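In this note's numbering, the protein residues as written are 242 to 363. These notes are about the structure you will find just below.
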Ligand code: 5GP
Ligand code: ZN
């Protein structure tokens, strides 16, 4: 695995961000520009650029990541929610360190449309 880019924002937030939940190699943080009442980001501590490179994770690590996403939602009191991964620039990804958006409660529909890049290519 190549070393992560030194200027990766999410590597920095993994190291010294405000973690809502942490454990098992993953952290959850609050999105700085929430598009829903609850908007958390789940980040693997280990840097990979995008979901496209998920093959770099072992089956065990990938499974633990999915369980951490589900735990983040339930620990936040969410029963019904959305999980979103933007993949690549055309898919609306702006930060190139894999992350899962966990979205629940009331949505800002304008921001949601922009986050889903509904006018974009993907
Ligand atoms: P993407 O567009 O790559 O799927 O999502 C990146 C997300 O990171 C966006 O929802 C954006 O609001 C969030 N974000 C960008 N910079 C920061 C930051 O400095 N701190 C936090 N907590 N979130 C950020
Ligand atoms: Zn990173």
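Beta carbons: idealized from backbone N, C-alpha and C, even for Gly. Just so you know, these numbers come straight off a predicted model, no measurement behind them.
Could you check if residue i belongs to the surroundings of the ligand 5GP, using beta carbon to heavy atom distance under 7 Å?
| i | result |
| --- | --- |
| residue 335 | yes |
| residue 355 | no |
| residue 195 | This structure does not reach residue 195, given that the chain is present from 242 up to 363, and the question cannot be answered. |
| residue 295 | no |
| residue 305 | no |
| residue 260 | no |
| residue 272 | yes |
| residue 254 | yes |
Any heavy atom of the ligand NAD closer than 7 Å to the CB of residue i?
| i | result |
| --- | --- |
| residue 282 | Ligands present in the displayed structure are limited to the ligand 5GP and the ligand ZN, and the ligand NAD is not among them. |
Closer than 7 Å: is that where the CB of residue i sits relative to any heavy atom of the ligand ZN?
| i | result |
| --- | --- |
| residue 292 | no |
| residue 267 | no |
| residue 251 | yes |
| residue 338 | yes |
Residue i and residue j look like a contact to me (Cβ under 8 Å); what is the Cβ gap, rounded to whole Å?
| i | j | result |
| --- | --- | --- |
| residue 259 | residue 270 | 6 Å |
| residue 326 | residue 292 | 5 Å |
| residue 262 | residue 316 | 6 Å |
| residue 266 | residue 247 | In fact, because the Cβ distance is near 21 Å, the residues do not count as touching under 8 Å. |
Residue i lies in the beta strand (DSSP E); which residues open and close that run?
| i | result |
| --- | --- |
| residue 279 | 277-285 |
| residue 264 | 260-264 |
| residue 270 | 267-271 |
Which residues in the same chain as residue i place their Cβ atom closer than 8 Å to its Cβ, once the five residues preceding and following it in sequence are excluded?
| i | result |
| --- | --- |
| residue 319 | 279, 343, 345, 346 |
| residue 272 | 280, 281, 282, 342 |
| residue 294 | 339 |
How would you write the range of the alpha helix (DSSP H) that residue i sits in, first residue to last?
| i | result |
| --- | --- |
| residue 351 | 350-356 |
| residue 359 | Here residue 359 belongs to no alpha helix (DSSP H), and DSSP marks it neither H nor E. |
Apart from the five residues just before and just after residue i, which ones in its own chain have a Cβ nearer than 7 Å to its Cβ?
| i | result |
| --- | --- |
| residue 288 | 245, 249, 252, 338 |
Secondary structure, alpha helix (DSSP H): runs of 4+ residues fully inside the stretch 293-345: 300-316
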